[in-house]
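Read the structure below first, then the notes.
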Amino acid sequence: MLVFLLNRMYGGWDKMRNWVRNENVQMTAVAFATAVGALFKINPFREDYFRIGLGVSILLFLLMLMPHLSYVKTGILAGIANFIFQSADLLNHVNSISIIESMQDNLGAGMYYVVFTYGLSKLKNRFHEIPPLVLGGLITCIDFSSNLVELFIRGVLSGTNIFYMKEWLYLLVLGGLRSYFIIGLYNSFAVRQMRLLHAEQEKRMEQMLSVNSGLYGEVFYLKKAMNTIEGIAVDSYDLYRDLREKDLNQYSQRTLGIAQQIHEVKKDSQRILAGLLKLYDSEKSVNMSLSEVLNFATKGNRKYSEMLNKKIEIHIEQQYDCDSPYYIPLLTVMNNLIANAVEAIKNDGTIRIRVLEEGADVQFVVIDSGKGVPEAKRDVIFEPGYTTKFNEVGIAATGIGLSHVRDIVQSLEGRISVKSAPQGEKGSSFVVSIPKANLINEDGADDAFYPDRG
């Protein structure tokens, strides 16, 4: 029974959502809102036969927000709705007027919306292309022309004089103010929407870079592992031949079996690597500036420090910038170094990041105010398996972070070192030096991504 009720509720909600998305329903809603807004009006002329309401402003704003609607159909519906609403309102306030007189008095107001939306349809889908000042002028002309049509119809049906140049000028000025106000309102709304979209795109970019940075590391080490596996397979096969030559057939066959199994492992690794590489567009080269790389790395690690309940200030001192196709490996390196600096600081402290040009190299320096690295251990901290990090039960971390960084830096023909923080400061300073030409030149990108170094 409960499932039945939930299905009915979901089905009803789905029908309601489809109903709201229906263009005919949307056009009817716009027409209704226009007619209601037109009831709030002012009378600019001496004689009470011409009225200006908020309906036009509402109609213009909603149509600019919903360019997928048919402007002319919406204008016809708005004209009919306005004709009915205005006639009923006039009959309610003026008891002596007949229904025919009321309809004649408001026919011109209904035609106004038809003419206005027809003129507006000529600008449809071009609101973003036309400069706001020009667009305001064009809409003012459409508004003024529509008012003239309404005046003409009212003059013919009621026999009143419509040639008041002062009032015409008043209509032109009022139409201009109304048009530019709505365009300003629309542009403010559009700018807000663009900012929200930009923020969402930036968030997705951060997520994509974070995933790609992690994926880069996995591919990097998978490639190294494949090279190691290949070497083991070759050694196993050489051992098989040596054992066979010495007539140790029992051992040679077992060795051959091991070599075959290792070869199967390599083939499986190749399939995994091929799948991972499909996530990259190797044919399209995309560059990112060093400042953008630093921005993403520091932003992510500020959140990391907050997650660890640490109060850490991260400062960037950038003296050199360039666009590089190697932003993923650089982001991986900087993420590792800054994350290590965050972990090295106990509760609160400072991390300084410097990017400077040193001759033919670009130096990336990460200085933290943590406990520092003892001089006796500076030669081993980049070796695989070394770690100073243990969990609550004394189990060591994987210890591949800094060896990971070293290998990526070496793939770009760079070098990495660690030393004490500058004199008078506590902590450590990691310095990465990469040839400037290797950061900019795209010819070696594949070599950096597919390292063959052990």
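The opening residue of the sequence shown carries number 46 in my numbering; numbering runs sequentially from there.
C-beta atoms are modelled at their ideal positions from N, C-alpha and C, and glycine is treated no differently.
State the DSSP-derived secondary structure class of residue i, mapped to helix, strand or coil.
i      : result
PHE341 : helix
HIS308 : helix
ILE172 : In the sequence as displayed, the identity of residue 172 is Phe instead of Ile. It is coil, neither helix nor strand.
ASP366 : coil
LEU457 : coil
PRO467 : coil
PHE475 : strand
ILE426 : coil
ASN436 : Note that ASN436 has pLDDT 44, beneath the 50 cutoff, so the model's placement of it is unreliable and no number is given.
ASN188 : Looking at the sequence itself, residue 188 is Asp, so the reference to Asn does not match. Of the three classes helix, strand and coil, the one that applies to ASP188 here is helix, per DSSP.
SER334 : strand
SER115 : coil
VAL75  : helix
PHE161 : helix
ASP280 : helix
PRO177 : helix
Beta-carbon within less than 6 Å of residue i's beta-carbon, same chain only, minus the 5 sequence neighbours each way: which residues are those?
i      : result
VAL454 : ILE461, VAL477
LEU401 : GLN364, TYR365, GLN408
ILE479 : VAL407, LEU457, GLY459
ASP368 : ASN332, SER334
ASN67  : none
TYR157 : SER191, GLU195
LEU447 : ILE426, PHE427
SER327 : Reliability of the predicted coordinates at SER327 is poor, the pLDDT of 46 falling under 50, and the value obtained from them is presented with this limitation in mind. No residues qualify anywhere along the chain.
MET352 : none
GLY221 : THR185
Are residue i and residue j touching if we call contact CB-CB under 8 Å?
i      : j      : result
THR544 : VAL117 : In the structure as shown, the chain begins at 46 and stops at 499. Residue 544 is therefore absent and cannot be evaluated.
VAL338 : LEU375 : yes
ALA509 : PHE130 : The displayed coordinates of the chain run from 46 to 499. Any statement about residue 509 would go beyond what the structure contains.
MET271 : LEU318 : yes
ASN69  : GLY100 : no
ILE187 : VAL159 : no
ALA76  : ALA123 : yes
GLY181 : ILE125 : no
VAL450 : VAL378 : yes
LEU267 : SER233 : no
LEU193 : LEU183 : no
GLU362 : ILE390 : no
LEU165 : PHE189 : no
ASN346 : ALA384 : yes
TYR261 : ILE373 : yes
By Cβ distance, which residues of its chain are closer than 8 Å to residue i, with the 5 residues on each side in sequence left out?
i      : result
ALA466 : ILE412, ASP413, SER414, GLY417, GLY472, SER473, SER474
THR119 : MET72, VAL75, ALA76, LEU104, LEU108, THR162
SER519 : Residue 519 is absent from the structure shown; the chain starts at 46 and stops at 499.
PRO112 : LYS169, ASN170, PHE172
In whole angstroms, what separates the C-alpha of residue i from that of residue j?
i      : j      : result
ASN380 : LYS355 : 17 Å
ILE198 : MET239 : 43 Å
VAL236 : ALA421 : 57 Å
TYR225 : LEU107 : 15 Å
LEU105 : THR185 : 11 Å
LEU152 : LEU114 : 24 Å
LYS329 : HIS360 : Because LYS329 sits at a pLDDT of 47, beneath the cut-off of 50, its placement in the model cannot be relied upon, and the following sentence gives the value as read from the coordinates. For LYS329 and HIS360, the distance between alpha carbons rounds to 33 Å.
PRO370 : ASN483 : 10 Å
ALA405 : ALA386 : 27 Å
LEU214 : LYS348 : 60 Å
GLU358 : ILE396 : 6 Å
ASP292 : GLU309 : 26 Å
VAL264 : ILE485 : 22 Å
ASN170 : ARG223 : 21 Å
SER281 : ARG299 : 10 Å
GLN295 : ARG316 : 32 Å
ARG286 : ASP452 : 34 Å
THR343 : ASP393 : 16 Å
LEU284 : THR273 : 16 Å
LEU301 : LYS269 : 23 Å
GLU388 : VAL410 : 17 Å
Considering only residues of the same chain and omitting the five flanking positions on each side of residue i, which have a CB-CB separation below 7 Å?
i      : result
MET109 : PHE172, TYR231
ARG289 : SER297
GLY155 : GLY124, ILE125, ASN127, PHE128
ALA278 : ALA304, ILE307, HIS308, LYS311
ARG423 : VAL463
GLU275 : LYS311
Spell out the partners DSSP gives residue i in its beta bridges.
i      : result
ASP287 : Paired residues: none, contrary to the question.
GLY394 : ILE357
ILE412 : ARG397, SER474
PRO480 : ASP406
SER462 : VAL476
Under 8 Å between C-beta atoms, does residue i make it to chain B?
i      : result
TYR285 : Reference to chain B is not applicable here, since this structure consists of a single protein chain.
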